[in-house]
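Undergrad: First residue of the sequence shown? That's 58 in our numbering, and the numbers climb one at a time after it.
By construction, the Cβ of each residue, glycine as well, lies at the ideal position given by its N, Cα and C atoms.
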Amino acid sequence: MKRMSTTTKLSDLFGSMVFNEDTMKERLSSASYEAWKKCVTDGTSLDISTANEIAQAMKQWAVEKGATHYTHWFQPMTGV
Numbered sequence: 058m059k060r061m062s063t064t065t066k067l068s069d070l071f072g073s074m075v076f077n078e079d080t081m082k083e084r085l086s087s088a089s090y091e092a093w094k095k096c097v098t099d100g101t102s103l104d105i106s107t108a109n110e111i112a113q114a115m116k117q118w119a120v121e122k123g124a125t126h127y128t129h130w131f132q133p134m135t136g137v
């Protein structure tokens, strides 16, 4: 984990601790990554094994970043 110093700009840190699409592509199997992309673009459902792989990869990534506590917050995008 990066620590702020007198020479670190906030803009260099912003977004550095986000489990984003690039991180997913690196950490997921190609089948799970493609299933996730299809879910996002087409609205298909994820099967439980793919969802579990994503959750495990996300948790492992967070622990590697120094997390000692973890929660997965789901915010549905219902258009409301």
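#1: Could you tell me whether the region 89-103 touches the region 117-132, where touching means 3 or more Cβ pairs closer than 8 Å?
#2: Where does the unbroken alpha helix (DSSP H) through Gln117 begin, and where does it stop?
#3: Return the chain-ordered list of same chain residues with a C-beta closer than 8 Å to the C-beta of Leu85, the five sequence neighbours on each side being excluded.
#4: I'd like to know whether the C-beta of Phe131 is nearer than 8 Å to at least one C-beta of chain C.
#5: From Ala124, Ala108 and Thr125, pick the residue whose C-alpha is nearest to that of Phe131; which is it?
#6: Starting from Thr135 and walking both ways along the alpha helix (DSSP H), at which residues does that stretch end?
TA: Well, looking at it:
#1: Here the region 89-103 does not lie against the region 117-132, with fewer than 3 beta-carbon pairs under 8 Å apart.
#2: As a working note, residue 117 is residue 60 in the sequence shown. Where Gln117 is concerned, the enclosing alpha helix (DSSP H) stretches over Ile105 to Glu121.
#3: To locate residue 85, count along the sequence shown from 1; it is residue 28. Within the same chain, Trp93, Glu110, Ile111 and Ala114 come within 8 Å of Leu85 by CB-CB distance, once the 5 residues on both sides are set aside.
#4: In summary, chain C is missing from the structure at hand, where a single protein chain is found.
#5: For the purposes of this step, residue 131 is taken as residue 74 along the sequence shown, with counting starting at 1. With distances taken between Cα atoms, Phe131 lies closest to Ala108.
#6: By one-based count along the sequence shown, residue 135 stands at place 78. It is not in any alpha helix (DSSP H) - Thr135 carries neither H nor E in the DSSP assignment.
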